[in-house]
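Written below as structure tokens is the structure these notes are about.
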Amino acid sequence: MSPVGGSGHDEWLLALIPQDTGVTTADLLRLSGLSRPTLTDLLARLRAEGAVLSEPAVPSGRRGRPAQRWRRPPPRGMFAAIALTRDDVRVRVADGSDQAVAERERPMNVTLDVRGALDCGLRLLHESLAELDRYEDSLTALVLGLPCPVGGDGDPQARGMMPGWVGVRPGEWLRHRLPGVRITVENDANLAAFGELTEGAGRGRSDLIYIKLAAGLGAALVVGGRLYRGATGLAGELGHVQINEMGHPCVCGARGCLAMEQYVAASHATGRPGPSAILDLFRRCDAGDAAAGRVLGHIGGLLGEQLGVLADMLDPECVVISTDDVPPHPAVLAGIRGGIRRTALPVVSDLPVIASTLGVRAEAIGGIALARAASHRHTD
Ligand SMILES: [Zn+2]
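Structure, rendered in structure tokens:
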């Protein structure tokens with residue numbers, strides 16, 4: 307049992323292989339971008355380890371070796387995700403094939419009350435296991451999602467963002483309380499992106515940008531079917547890109563960060579300083595307030611201009627937008643598309659901008675998927 311901050315190296319390929327329907331080798335060549343010899347070697351190793359199963363695909367009628375279809379066996383044991391977002395604690399527990407699933411959620415100021423949030427997560431975990439008539443010792447792996455960058459060692463990088471979390475080691479805290487359970491700590495946007503990739507709006511894709519625009523701005527990158535975490539686990543901090551050097555001071559110490567400029571625009575327009583300002587704009591726009599629509603377009607446009615730059619560099623298949631527990635408003639999506647068109651090369655400026663299908667459940671669903679994908683080496 308080794309504590310792991312990141313995930314197994316093969317998670318990205320396993321994420322492309324559904325448990326139920328499976329995929330053909332040709333599908334995997336296309337989705338992974340790997341060469342045939344590299345993919346063949348990797349699949350042979352994963353099959354030898356019991357992480358994937360192969361069977362002949364439906365006969366094509368052609369001569370030669372029959373095509374193979376690959377699928378994942380359901381992993382053994384129970385898997386859990388504790389997703390801490392800025393304003394709630396959400397827990398999901400599932401077995402290896404989603405036959406038994408339980409979920410719990412509590413509103414809570416996670417940013418201010420570190421210990422309370424972790425205690426609450428553990429309590430909801432035990433309630434969820436009890437609902438399924440399972441015990442703690444059935445847990446194989448748990449993924450904890452945090453609303454701040456997470457370093458390669460699994461520790462939150464909270465300085466300048468969530469002062470109450472500086473120096474806290476939630477992975478160690480959980481390992482102490484759940485001995486024998488493999489614990490992984492991950493940024494919440496990364497979990498949500500993995501959820502959308504495996505079970506949501508990004509299913510079947512291999513390159514996407516995930517954006518969560520709610521109380522703050524979270525971003526995550528999926529490149530070649532795998533989460534791109536960067537050299538030290540900090541990739542995806544799009545919210546702190548400076549877009550106005552004379553702009554408003556930000557919690558990170560800089561001025562005019564994208565997330566802060568969006569927040570200030572929403573707060574000024576609604577007179578409601580607070581995390582609900584953008585959702586309030588959604589409501590006003592739906593009620594026919596044209597000014598609210600223009601502000602949403604502006605907020606989306608600021609984001610879209612940065613996404614256009616990213617799109618030029620990464621050439622993704624789509625951008626998935628989540629606005630928490632409500633669907634993204636058409637005015638904000640239109641603003642994002644307009645911003646992308648202003649800054650991206652013409653050949654990538656029609657990049658599809660699509661709504662999340664999992665919403666607030668994306669982090670917990672992604673956490674379970676990540677726990678399963680990374681667990682195959684540890685369950686034999
Ligand atoms: Zn900032």
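So that you can map any letter, position 19 of the sequence shown is 325 in the numbering used here, and since no number is skipped, the others follow by simple counting. Every residue gets a Cβ at the ideal spot worked out from N, C-alpha and C, and that includes glycine.
Sequence-distant residues of the same chain with beta carbon closer than 8 Å to residue i, five excluded per side
i, result
"aspartate 586", "Ala572, Thr576 and Arg578"
"valine 443", "At residue 443 the sequence reads aspartate, which differs from the valine that was named. Same-chain partners within the cutoff: Gly486."
"arginine 667", "Arg396, Arg398, Glu409 and Gly501"
Beta-carbon proximity check, residue i vs residue j, cutoff 8 Å
i, j, result
"phenylalanine 500", "glycine 328", "no"
"glycine 545", "glycine 562", "no"
"isoleucine 549", "leucine 564", "yes"
"leucine 334", "alanine 386", "no"
"glycine 645", "glycine 606", "yes"
"glycine 530", "tryptophan 376", "no"
"alanine 617", "leucine 657", "yes"
"valine 625", "leucine 497", "no"
"alanine 713", "threonine 629", "Lying before the first or after the last residue shown, residue 713 is absent from the chain, which here runs from 307 to 686."
"glycine 614", "alanine 640", "no"
"alanine 363", "threonine 330", "yes"
"arginine 678", "proline 455", "no"
"glycine 451", "glutamate 623", "no"
beta-carbon residue i near ligand 1 non-hydrogen atom, thresh 7 Å
i, result
"histidine 554", "no"
"methionine 619", "no"
"valine 557", "yes"
"cysteine 454", "no"
"methionine 566", "yes"
"cysteine 563", "yes"
"histidine 546", "yes"
Between the CA atoms of residue j and residue i - distance to the nearest angstrom
i, j, result
"glycine 339", "alanine 637", "35 Å"
"alanine 354", "glycine 542", "35 Å"
"threonine 346", "proline 379", "19 Å"
"aspartate 459", "leucine 540", "11 Å"
"alanine 321", "glycine 594", "43 Å"
"leucine 356", "leucine 503", "Looking at the sequence itself, residue 356 is glycine, so the reference to leucine does not match. One C-alpha to the other measures close to 23 Å."
"leucine 651", "leucine 608", "17 Å"
"glutamate 567", "glycine 553", "7 Å"
"glutamine 325", "glycine 524", "29 Å"
Contacting residues, own chain, Cβ-Cβ under 7 Å from residue i (five flanking each side not counted)
i, result
"proline 633", "Ala661"
Other residues of its chain near residue i: CB distance less than 6 Å, five sequence neighbours each side excluded
i, result
"glutamate 433", "Arg410"
"isoleucine 674", "Phe385, Ala387, Arg398 and Ala400"
"arginine 647", "Ser655"
"arginine 590", "Ala598"
"arginine 465", "Val472"
"serine 681", "Pro381, Thr446 and Ala447"
Inset, instruction - Count the CB pairs spanning the stretch 466 to 482 and the stretch 492 to 509 that are closer than 8 Å, and state whether there are at least three. - result: no
Inset, instruction - Report yes or no: do the stretch 486 to 506 and the stretch 533 to 545 share at least 3 C-beta pairs separated by less than 8 Å? - result: yes
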